[in-house]
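Be aware that the sequence shown starts at 0, since it is given in numbering that gives the first Met the number 0, and climbs by one per residue. We put the CB at the ideal spot given by N, CA and C, even for glycine. To start, the structure under review is shown below, and the notes come after it.
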Amino acid sequence: MTIAFTSTQPGSTWLLVPRGFTTWSLKPVRGEVFNEVLSEATPIKFTFYQNLSFSYSPLEGGVEVAIEYRAPHAALIEEPRGFFYSTQVSASRLDDVRLEVKLPPGSGGDVRVYGAEGYEVGWADGRVQVTAEGPIEGGRLIIEFELPSKRARLMELEDGCFKVKAPSRYEAAARRVLEFYVEIYPSLRDVFNVELEGVEVRLYVPSVEDVARGVGGFIPFTGGKLGDVNLNLFYVRAAEGTVELIALHELVHHLLWRAGIQPSLLWVHEGLAEYLSIELGKQAGLGEAASSRERTLDSVASQLRSFGFIQGWSFNQPGDLTPYYAASYAVFKRLADGYGGLRLYSAFFNYTYARAPIDSDEEVLECLSLAAGVDLRPLFAEWGFKVAGGYTTEWLSSIEEGLARLPSWCQPARLLASLTLRVARALANAGLHDEALAAARVAGGLVAGGEVVSLLIYATLAAALALSFMQLRREKALAA
């Protein structure tokens, strides 16, 4: 890639240059360049790019500067389809931006261009050239193109129960995935206690919709069974370990299916796929890729008031799915933190496998409770899950047991909690389980903080009595 900067006047400018994934060079073709400074881009910090500012002075009527670098995988191709996604081309708003992209030999002129308001499609040196001018949306120019007279050369790699297919030009990426699967499989077997058979993986060239939606991979579910693992080749451009993390996430879905959990339970499938891929990914050395995903999910989950909305998650769910992934992950992360980590899920999968198929929330909660050795249904109710009425009754009974254990001097809290429990039971008996759970949460809070609540009430009453006494004394003094 060559960035050509030209000017007839002296001045200064800035643009983004690569950091880490390739080397770059700045060559003054005409004029002088000085005061070159590299710094972090602001207000957005980029993992793979940094800000280059420089000043320039014309000689012989102008300035011309060339910034050059190689951009691996800027174009992804599986004939007859091609997908071009530019490097960051952000530059000073004071400068005019013009991009010229020569598509690979054999490309046709029927292209779809995204990110530029104005563009032209022509020919240069016997190849299709797309020329875009003006600000580039998000600093990225995207082109979908065709190579109509060509067909892809595909290759396969196989080891054990895994077979990876990809266009032959991406053999290195395919080998990375296969070697990682072979390496991580024993750890997965230890957790799931099941064996896999005939898992096929396909590395594919994405569409613009895949990239816009952040699709790292997917597994179709047709004919009552899971299909191949499909991995988006776009992420070979991402941080080290990202492809492996995505591959691990998708493989967990196959193991969950093998352990008897139906794909229709999306919150279970996606929550465990996120949690297990992050935890096992860390153990396998995926480092920053796993930690970055964990930070993202934790950050989103921390903004959520409850997690119960994920029970309604379906395959055709519209809108931003990030909160669904984050809430599902948070559920299984918190369960693991409280009940034994990966050992909890190893026991859980023993129960799901024995009771397969698992296709309801009630069965999931029952198996989780058996694995944890404690009834987890009240905890899920606190998280906002809709559970059967019997679960609400059991939770109310557990709150009443806590109420009975409060010290005798905590009468204010005991009275308030008792009244709230009566309301909760009445709501539960009327079939208003959401309202009953809300009242039960209030009663549970009063019991949990019974001593503090009682002390605050006593202190408030004492203060009120003291003020009344002082007021009475003042009135008597004035009367005298």
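**Request:** Answer yes if the region 323–334 comes into contact with the region 404–411, meaning at least three C-beta pairs across the two stretches below 8 Å, and no otherwise.
**Result:** Short answer: they don't touch.
**Request:** Spell out a yes or no on whether the region 240–254 and the region 166–183 are touching, meaning 3 or more CB-CB pairs, one atom from each, closer than 8 Å.
**Result:** The region 240–254 is in contact with the region 166–183.
**Asked** Rounded to a whole number of angstroms, what is the C-alpha to C-alpha distance between Ser56 and Ile2?
**Response** Answer to the nearest angstrom: the Cα atoms are 18 Å apart.
**Prompt:** Is there contact here, the region 49–66 with the region 114–130, by at least three beta-carbon pairs under 8 Å?
**Reply:** Segments in contact, no.
**Prompt:** Are the beta-carbon atoms of Phe233 and Pro205 separated by less than 7 Å?
**Reply:** Yes, Cβ-Cβ distance for Phe233 and Pro205 is below 7 Å.
**Asked** What are the start and end residues of the alpha helix (DSSP H) that includes Trp266?
**Response** Here the alpha helix (DSSP H) through Trp266 covers Leu265 to Gln282.
**Beta-carbon gap between Glu77 and Ala151 smaller than 7 Å** = Yes, the Cβ-Cβ distance between Glu77 and Ala151 is below 7 Å.
**Request:** Quick one: give me the first and last residue of the alpha helix (DSSP H) that Asn428 is part of.
**Result:** Start and end: Gln410 to Asn428.
**Request:** Pull up the CB-CB distance for Ala65 and Asn50, whole angstroms please, since I reckon it's below 8 Å.
**Result:** Going by Cβ atoms, the distance from Ala65 to Asn50 rounds to 18 Å, so no, they are not a contact pair.
**Message:** Using a 10 Å radius around the Cβ and a threshold of 16 neighbouring Cβ atoms, would you call Gly443 buried or exposed?
**Reply:** Flag for Gly443 reads buried.
**Request:** Below 7 Å CB to CB, which residues in the same chain sit around Thr241 once its five sequence neighbours on both sides are set aside?
**Result:** When the five nearest sequence neighbours on each side are left out, the beta carbons in the same chain lying within less than 7 Å of the beta carbon of Thr241 are those of Tyr234 and Ala288, in order along the chain.
**Request:** Run the CB neighbour count on Thr22, radius 10 Å, all protein chains shown included, and call it buried at 16 or more, exposed below.
**Result:** Burial check for Thr22: the Cβ neighbour count within 10 Å stays below 16, so the residue is exposed.
**Prompt:** In three-state DSSP terms, what is Glu178?
**Reply:** DSSP places Glu178 in helix when its eight states are reduced to three.
**Rounded C-alpha distance that separates Lys224 from Ser263** = Rounded to whole angstroms, Lys224 and Ser263 show a C-alpha spacing of 12 Å.
**Asked** Buried or exposed: where does Pro104 fall if 16 or more other Cβ atoms within 10 Å of its Cβ makes it buried?
**Response** Exposed, because fewer than 16 other Cβ atoms sit within 10 Å of the Cβ of Pro104.
**Item:** Closest residue to Gly137 among Leu15, Phe348 and Ser417 (Cα-Cα distance)
**Value:** The shortest C-alpha separation from Gly137 is found at Leu15.
**Request:** Would you give the residue range spanned by the beta strand (DSSP E) that Lys332 belongs to?
**Result:** No beta strand (DSSP E) contains Lys332, which is instead part of the alpha helix (DSSP H) from Thr321 to Tyr338.
**Message:** Suppose only complete runs of 3+ residues qualify. What are the beta strand (DSSP E) ranges in the region 131–181, listed by chain order?
**Reply:** Within the region 131–181, the complete beta strand (DSSP E) runs of at least 3 residues are 141–145, 153–158 and 161–166.
**Prompt:** CA-CA distance, Phe347 and Ser397?
**Reply:** Approximately 24 Å, taken between the alpha carbons.
**Asked** So the alpha helix (DSSP H) Phe348 belongs to, where does it begin and stop?
**Response** Secondary structure note for Phe348: its alpha helix (DSSP H) is the uninterrupted segment Leu341 to Arg354.
**Request:** Take Gly340 as the anchor and find which of Leu279, Val62, Ser291 and Ser301 has the nearest alpha-carbon.
**Result:** That would be Leu279, whose Cα lies nearest to the Cα of Gly340.
**Prompt:** Are three or more beta carbon pairs between the region 378–385 and the region 304–311 nearer than 8 Å?
**Reply:** Flag = yes, the region 378–385 and the region 304–311 touch.
**Request:** Put Gln470 into one of helix, strand or coil per three-state DSSP.
**Result:** Taken through DSSP and simplified to helix, strand or coil, Gln470 comes out as helix.
**Message:** In the DSSP output, what is Pro17 paired with across the bridge?
**Reply:** Per DSSP, Tyr48.
**Asked** Over what stretch of residues does the alpha helix (DSSP H) that includes Phe379 continue unbroken?
**Response** That run of the alpha helix (DSSP H) goes Arg376 to Glu381.
**Asked** Do Phe144 and Gly60 have their CB atoms nearer than 7 Å?
**Response** No, these two residues do not count as a Cβ contact at 7 Å.
**Asked** DSSP puts Ile76 in a beta bridge; with which residues?
**Response** Looking at the DSSP output, Ile76 shares a beta bridge with Gly81.
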